[in-house]
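**Student:**
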Amino acid sequence: MDCCLVVAGQEFRAHKVILAAHSPIFRAMFELGMGENKKNHVEIHDLEPEVFKAMMGFIYTGKEPDFHSIADAVLAAADKYGLQRLKVTCKDTLCKDLSVENAAHTLFLADLHSAVQLKTEALI
1 MDCCLVVAGQ EFRAHKVILA AHSPIFRAMF ELGMGENKKN HVEIHDLEPE
51 VFKAMMGFIY TGKEPDFHSI ADAVLAAADK YGLQRLKVTC KDTLCKDLSV
101 ENAAHTLFLA DLHSAVQLKT EALI
């Protein structure tokens, strides 16, 4: 492991090449000469540790994490970091959990993150 990502004080060790292979945002950080490429230490300020852990687990294993309670936050992270497969997984989870009580929130998320299928499901 050749880099350390810090999220709300928690350290996550990772491989730059694996992160770069899955995310255009990480690729830009590590390959295009940004400061992160030189430091091997990256502060992530826009995610909670639980969300980041779910995202990293998916990047490394490709397996769907058990994240029903944070699927909306993971969807936002997947959208921001360009993780399309994780975004699809989140949309599927949110569709399964769709109810009258959360339809408005789900519709908002779908619109915010350009999730057309999820938006359609929330409107039905």
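Using full-length UniProt numbering, read the sequence shown as starting at 1 and increasing by one per residue. C-beta: ideal position from N, C-alpha, C; glycine also. All values derive from a computational prediction rather than experimental measurement.
1. If you draw a straight line from the alpha carbon of His45 to that of Ala103, how long is it in whole angstroms?
2. Determine the DSSP secondary structure at Phe108, reduced to helix, strand or coil.
3. Please work out which residues of its chain come closer than 8 Å, Cβ to Cβ, to Lys96, disregarding the five sequence neighbours upstream and downstream, and give them in chain order.
4. Let me make sure I understand the geometry here. Which of Asp111, Tyr60, Val100 and Val42 has the alpha-carbon closest to that of Ala76?
5. Hey, which unbroken runs of the beta strand (DSSP E) at 3 residues or more fall wholly within the stretch 17 to 62?
6. Would you decide whether Phe26 is buried or exposed? Buried here means 16 or more other CB atoms lie within 10 Å of its CB.
7. In terms of residue numbering, what span does the alpha helix (DSSP H) encompassing Ala71 cover?
**Tutor:** Quick look at the numbers:
1. 29 Å
2. helix
3. none
4. Asp111
5. 41 to 44
6. buried
7. Ala71 to Lys80
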